[in-house]
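K.L.:
Chains as they are written, first to last, in this note's numbering: chain L, 14 to 303; chain B, 1056 to 1449; chain S, 6 to 261; chain C, 43 to 379.
Beta carbons: idealized from backbone N, C-alpha and C, even for Gly.
Dumping the structure here so I can ask a few things about it.
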Amino acid sequence: MFYTIIEQVVNGIVSGSVYAIVAVGMTMIFGVLRAINFAHGEYYMLGTFGAWFAIEYFDLPYPVAIVIGVVATAVIAVVVGNFVMQRIVGAPAEAGVLATLGVALILQNTVILVFGGSYKFFSGGYIEPVTLFGFTLAEQRILIIIVGLIVFVGLELMVTYSRMGKAMRAVSQNIECCAVVGIDVRNIALWTFILGAGLAALSGVLTAPVNVSVYGGMGELITFKTLPIIIMGGLGNVRGTFVAAMILGIAESLVATYVGLQFRDTVGFATLMLVLMWRPHGLFSAQARF
Amino acid sequence: MTIELSRRGFCIGTALIGLQTVSSSAFARSEDGTVKLGLVAPMSGPNARYGAFSLRGAQMAAKEINGAGGIGGRKINILAGDSQGTPVEGVSATRRLIDQDQVDFIIGDVSSSVTLAMQPVAEDAGVLLLNAASSNPKITYKAGVGGFKWTYRNYPTDENRALIVLQYAAEKKGFTKYAVLSVDSDYGRAAIEFTKKYLPRFKSQILTEDYYKEGEVDFRSVLSKIRDSGAQAIIMYGNADSTPIVGRQMMEVGIAGKIPLIGNAEFNTEKTIKAAPKALEGAIEAAAWLPAYESEKSKAFVDKFTAEYREAPNNHAYVHWETTHLLAKAIEQAQSIDRDKVRAALSKIHYASAVGEVTFDDHNQARLPMILLEIENGKPAIKGAYSAEIDYPK
Amino acid sequence: MNGLPILDISGLCKSYGAVRAVDGVDLHVDRGEICGLIGPNGSGKSTFFDCVTGLARPSAGAVKLDGQDITGWSLNDIAREGRMLRSFQKTVVFSALDIEENLVIAGQMFTFPGILSTFGIGAAARNRVAALRERARELIKIAGLWDVRFQPAGKLSGGQQKLIQFASMLMPEPKLILLDEPMAGINPKLIERVVDSIRLANTSFGVSFLIIEHNIDVVTSLCKRVVVLDQGRKLAEGTPDEIVQNQAVREAYLGG
Amino acid sequence: MTEIVRDQTMAPAELPVAETGRDFRVPFGLVLVALACVAPLFLGNYPLHAIIIALIFLLPAHGLNLLLGYTGLLSLAQAAFFGIGAYTSALLAVHFGTPFYLNFLAAGVVTGAVALPLGIPALRLRATSFVMCTLGFVIIGQAIAKNWISLTRGDMGLAAIPKPYFALGPASFTVSGTVGFYYLVLAIAALATLAVYLIVRSPAGRNMIAIRENETLAESVGIPTWYYKLVVFMISAAFAGFGGSLYAHYLTVVSPLTFQMYYSTTMLIIVLGGGAGTISGVIFGSLLFVGLTEALRVAPELRMIAYGFFLLGLVFWFPSGFAPLIGRFWSFLEKRK
């Protein structure tokens, strides 16, 4: 019994790490752009597809495929960022919803048009199971947890010390002031967006080996998992998002074990609604900012 | 007193004020000497690939028939309608085929919920709806003597499949304790519902019951639970694409080779077995058809399809190919494209399909054998074709 | 009753964490009076206003309106009563609506009991709307906005919007109006008009005022009594002349 | 479609039209109404079917318009209420064989009632959290429809929902066939439009617009904003429920797929595409949406991509919807005159 719980918590942390890497990018994008990005999961999908393409067509090793997946996604993010995301800075919420939905439809269906809708087999990665403290895990999952931690620490350092990071934080705190002080908000928005999309792609490439399948519609699911996380974590709050991702991962794992897998996808939104009823501003924010 | 507000009634009324409408259904159908066959399938949306396979299967059959001179000189002309896998669009596509394209017959859809929505539309229009790939038993519960005269189904139902799998697992393998891990859709849910119906017959029980959403990627939690539950086999009715993921993660949590998968989720394809050979060893599957099926007609179909589209056919391609041929045969026997006559011919038909003879019962449900296979040494081994008679609810 | 002040505030406090933005302020506004409230930037005037009008919840102290304790009422609770209304520093109007609509909205809610009449059903509701339109037109004329009355309020100049806001507040016939910097950011030529409107409202409609204002000329010409806040406390109180002479006040302004 | 013939000074996007082209709107609106009434004479079953779908979607879109266009609240919950309405009607019709008007009314009442406990906590939230919370209703609604099998039959769905019939005493009247259903839906849509028109031009409607324009100011002039938002949320849910009821009776099946974000975004596109905050805009939007769906049928594989570009175009080039184009058309007619 106790062993089962511990094992499920470990399972939860593994999936929580995946959510965290995706959600952290999304929450930063929100902080700067004030738009819920319904297309965020698509960058996760694009990253995976980039890596799959590199492995399948050019026979490249997995580590190289990771780089290719992330870079390819970043390039697409530059285009989307320039033509769409920059233009929704300061637009009403519904404009952001529709525009990002439009981007999601275009990206997803273009991939389906080019590569077909069927599931592709992702053959890279380190999938051998290893036993650690009595738990059997694929090596890849350990890698995911480690990368998750590195990303978190890296982002914390970045927003605290680097010029760009400070500017991002400033923009997410008060957009009007930044414009006055001379920070180029549109430029910051673009870079934040590229960073967020790149992180989503990284998460996609890292999980591909354990998820085996690659297909055009895979991004949508991730989008819907990350949405409640970023709200719970307090929009724009990196640390809060990390904790929220872990909470959701563990909660999902426990629900799948003790209630039923069919309820798993409702966990995110159910938890979110309970949290909001209790604390209308999210878990980690003293006041409602958005 | 019941008044039916119908198109005809309305026309009479309007004729009085001197306006004459041309009722579209007054046009004679197929006057150009073809057989217009509508195919409703998900051509876009998440299930677009099923629609693509279905269309190719039907088109290949049409090509074969037309190449051989057509049906009594009439060529088959296939008109596709996109259901997007949703009832609304399915109904729209069906109406469009009936009203705009003036089709004589419709084959469709893949999803049961779409087919259920199409049934009344076809019934109202008096157009023959021949289903080739939906497995929800309700479709033919309500057809034939059950109500809808114009719906036929040439596909085994979930009930059939559930019974055959359970019977094989209990009698040949001696399993009595099962874990359920099926797809959360009408297909996965219905299959388990009918499995439960027959559990007492085999003194078996279900220990855990879980349904996964299409596209789910994380099965670790649920597989750990199954590992600790003491189940002897996992009953899985799912979609092909999730099986490799489940297989991989079964290896990860250490139940591969210990708890086999039984049911139906394309356990037998080379791709799936390659992804997780150890997990799929010993898997038992009941399929309407599979590419590896040993029959001359089936082999010829696989070869021809692969040559034509440079891709191996799947189940949907086969059933639509076979059903198009079945319909052609019925038209041939009716010696007419009159829909009433074709319907009568279909009810009496004895058609030699690639998996065995097809006949229809009084619910317009085809009596079809199911192929049972087991994965042995990384290869599917066919254990025979089984059929079961359905108990229709009174 | 008439001897009682219309607004009586005692010991009002508001703290944010360790910061005491308003620290034990006593203030009263007599019936028919125009009272000024001044103080350097950051002296707590706006927080004080927010606490009085229910936009913020005071940490301590009591607010009495017309003898009734309204401490802790929300902005909406107070506004729905229609006795005390407030304006905002940043002028806000319902920008997509024309002036008449703005005024009708500001005046309509007090006499619409019942669900049906809220949806405008019934003769009583129709008459009420007609009466409100009548009053709105009168006020528009008085405010000198007749020529632009069909334009969306958002399209008008800042000064005109101020006048709309001011006219809106007169719609429900309040007893007390709190104005937060009514002269900020408006054309100097219009200042005179706003001052006249306030005076007119005070004399003809009998409305009392509490006004935060930086423009000392306006304060001097309108108010008989001025209260000075500094660092959340009441620093001085008296006639405009006394205040201008007051050494502590001068220091506070120079120091601030 | 009677509302476009009268004045609409409340509608921001139509203000210039209201002043210049009002004369033209009366005959134009009348022509449209007349056309709608005789449409079955010259339209085949299929175009009628497309219009029926447009009119069914018009109801939840009207609801969303009250919420988003007039009160300024972005909600994605319409699909949840649409689904609840569909299930309510379907369950009543299948289990009790009740006449259509009862099922229809019940759908609206039940969804409106369900919206109350959902709205109370949700409306306390700020904008983004509120949007997510309403999206959560859809997702949780689907989970309930899937898993409450004893009631909803889960994924098997409810099929064979009877055709709408009216029963009064011994007389009964069944609406069958496309034409019959067309007139039923048209009548209901016209009534709904009239109801929206009455709400919008009432004092309550004026207060809703005030809330949309500036919530704090609305509070400071004494509008009980929270209460208003709650009531409008319930009304909008009831509209979605009515639409769901028609959907269930027209398509004769309901399944958990009715609870999909797809429908919520469809409503959003109808409202924003036509022009939020105008009634004629939403009517135009629903026809436009169905027209677009039909037009894109030509190329199914490119359909979703084209749809995506359409959304981007809508957001960036027509942020106030396509209805102002009609306004321009009217002023163009005016000038010609």
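Output yes or no for whether 8 Å exceeds the beta carbon distance between A246 of chain C and F124 of chain S.
P.N.:
It is a contact, given that the beta carbons lie within the stated cut-off.
K.L.:
Shorter than 8 Å from the beta carbon of G369 of chain C to some beta carbon of chain L?
P.N.:
Chain L contact via Cβ: absent.
K.L.:
Would you say L1171 of chain B faces chain C, with C-beta separation under 8 Å as the test?
P.N.:
Output row for L1171 of chain B: interface = yes.
K.L.:
Consult DSSP for D1273 of chain B and reduce its assignment to one of helix, strand or coil.
P.N.:
Three-state DSSP puts D1273 of chain B in coil, outside helix and strand.
K.L.:
Hey, Q275 of chain L and Y1266 of chain B are a contact pair by Cβ (cut 8 Å); roughly how many whole angstroms apart?
P.N.:
Indeed they touch by this definition, with Cβ atoms about 4 Å apart.
K.L.:
Taking T1141 of chain B as the reference, which of C:V357, C:V295 and C:G317 has the closest Cα?
P.N.:
Of the candidates C:V357, C:V295 and C:G317, the one whose C-alpha sits nearest the C-alpha of T1141 of chain B is C:V295.
K.L.:
Please report whether the beta-carbon of G243 of chain S lies at a distance below 8 Å from any beta-carbon of chain C.
P.N.:
So no, G243 of chain S is outside the interface.
K.L.:
Are the C-beta of G195 of chain L and some C-beta of chain B separated by less than 8 Å?
P.N.:
Judged by the 8 Å Cβ criterion, G195 of chain L is not in contact with chain B.
K.L.:
What is the DSSP secondary structure of D28 of chain S, reduced to helix, strand or coil?
P.N.:
D28 of chain S falls in the strand class under three-state DSSP.
K.L.:
So what does DSSP say about L9 of chain S, is it helix, strand or coil?
P.N.:
Of the three classes helix, strand and coil, the one that applies to L9 of chain S here is coil, per DSSP.
K.L.:
8 Å is my cut-off, CB to CB: does T116 of chain S come that close to chain C?
P.N.:
Low confidence applies here, because T116 of chain S scores a pLDDT of 47, under 50, leaving its location unreliable; read the following figure in that light. No, no contact with chain C.
K.L.:
Taking its Cβ as the centre, do 16 or more other Cβ atoms sit within 10 Å of A206 of chain S, making it buried, or is it exposed?
P.N.:
Classification of A206 of chain S: buried, given that the 10 Å Cβ count is 16 or more.
K.L.:
I need the straight-line Cα distance from F208 of chain C to M1291 of chain B, nearest angstrom please.
P.N.:
C-alpha separation (whole angstroms): 45 Å.
K.L.:
What is the residue span of the alpha helix (DSSP H) that I207 of chain C lies within?
P.N.:
The question names Ile, but residue 207 of chain C in the sequence shown is Tyr. Premise fails: Y207 of chain C lies in the beta strand (DSSP E), Y207 to L210, not in any alpha helix (DSSP H).
K.L.:
Taking Cβ to Cβ, would you say M171 of chain L is nearer than 8 Å to W204 of chain L?
P.N.:
Result no, Cβ atoms of M171 of chain L and W204 of chain L do not sit closer than 8 Å.
K.L.:
Could you check whether V1090 of chain B and I1131 of chain B sit closer than 8 Å to each other, using their CB atoms as the reference points?
P.N.:
In contact: I1131 of chain B and V1090 of chain B (Cβ atoms closer than 8 Å).
K.L.:
Ends of the alpha helix (DSSP H) at G149 of chain S?
P.N.:
Taken as a continuous stretch (DSSP letters only), G149 of chain S belongs to no alpha helix (DSSP H), as it is neither H nor E.
K.L.:
Does I191 of chain S pass the burial test, meaning 16 or more other C-beta atoms within 10 Å, or should it be called exposed?
P.N.:
Buried, by the Cβ-count rule.
K.L.:
So, does the segment 349-360 of chain C touch the segment 117-126 of chain L, judging by three or more C-beta pairs under 8 Å?
P.N.:
The answer is yes - the segment 117-126 of chain L touches the segment 349-360 of chain C, with three or more Cβ pairs under 8 Å.
K.L.:
May I have the straight-line CA-CA distance separating P1299 of chain B from A1330 of chain B, to the nearest angstrom?
P.N.:
Cα-Cα distance, rounded: 6 Å.
K.L.:
Check whether the Cβ atoms of I244 of chain L and T170 of chain C lie closer than 8 Å to each other.
P.N.:
Contact flag set, yes.
K.L.:
Run through DSSP, which three-state label would S131 of chain L get?
P.N.:
Of the three classes helix, strand and coil, the one that applies to S131 of chain L here is coil, per DSSP.
K.L.:
Rounded to whole angstroms, what is the Cα-Cα separation between V1176 of chain B and A1148 of chain B?
P.N.:
Whole-angstrom Cα-Cα distance: 11 Å.
K.L.:
Which residue comes first and which comes last in the beta strand (DSSP E) that contains P142 of chain L?
P.N.:
Note, P142 of chain L: beta strand (DSSP E), P142 to L145.
K.L.:
Is the beta carbon of R1394 of chain B closer than 8 Å to that of V1182 of chain B?
P.N.:
Yes. Within cutoff.
K.L.:
Can you list the residues of chain C that I119 of chain L reaches, using a CB-CB cut of under 7 Å?
P.N.:
Within chain C, the residues near I119 of chain L are I347, G350 and F351.
K.L.:
Using the Cβ count rule (16 or more neighbours within 10 Å means buried), how would you classify N200 of chain L?
P.N.:
Counting Cβ neighbours within 10 Å, N200 of chain L comes out exposed, since fewer than 16 surround it.
K.L.:
What does a CB cutoff of less than 8 Å around V152 of chain C pick up in its chain, not counting 5 residues either side in sequence?
P.N.:
If we look at V152 of chain C and ignore the five residues flanking it on each side, its Cβ neighbours are I126, G127, T130 and G283.
K.L.:
Measure the Cβ-Cβ separation of Y1196 of chain B and H1418 of chain B and say whether it is below 8 Å.
P.N.:
In contact: Y1196 of chain B and H1418 of chain B (Cβ atoms closer than 8 Å).
K.L.:
Relative to the C-alpha of G150 of chain C, which residue among C:G105, C:L165 and C:F326 is closest?
P.N.:
Per the Cα distances, C:G105.
K.L.:
Per DSSP, P1435 of chain B is paired with what?
P.N.:
Its beta-bridge partners are B:I1430.
K.L.:
Can you list, in chain order, the stretches of the beta strand (DSSP E) that have 3 or more residues and sit fully within the segment 153-183 of chain L?
P.N.:
Counting whole runs of 3 or more residues, the segment 153-183 of chain L contains no beta strand (DSSP E) stretch at all.
K.L.:
Compare the C-beta of A213 of chain L against all C-beta atoms of chain B and say whether one is closer than 8 Å.
P.N.:
No, because no Cβ of chain B sits closer than 8 Å to the Cβ of A213 of chain L.
K.L.:
Per DSSP, what kind of secondary structure is L184 of chain S in: helix, strand or coil?
P.N.:
L184 of chain S falls in the strand class under three-state DSSP.
K.L.:
Counting pairs of Cβ atoms below 8 Å between the segment 92-104 of chain S and the segment 152-165 of chain S, do you hit three or more?
P.N.:
Cβ pair count under 8 Å is three or more, so yes.
K.L.:
My understanding is that A1367 of chain B touches T1361 of chain B, with C-beta atoms under 8 Å, so please give their C-beta distance in whole angstroms.
P.N.:
About 5 Å separates the two Cβ atoms, so the contact holds.
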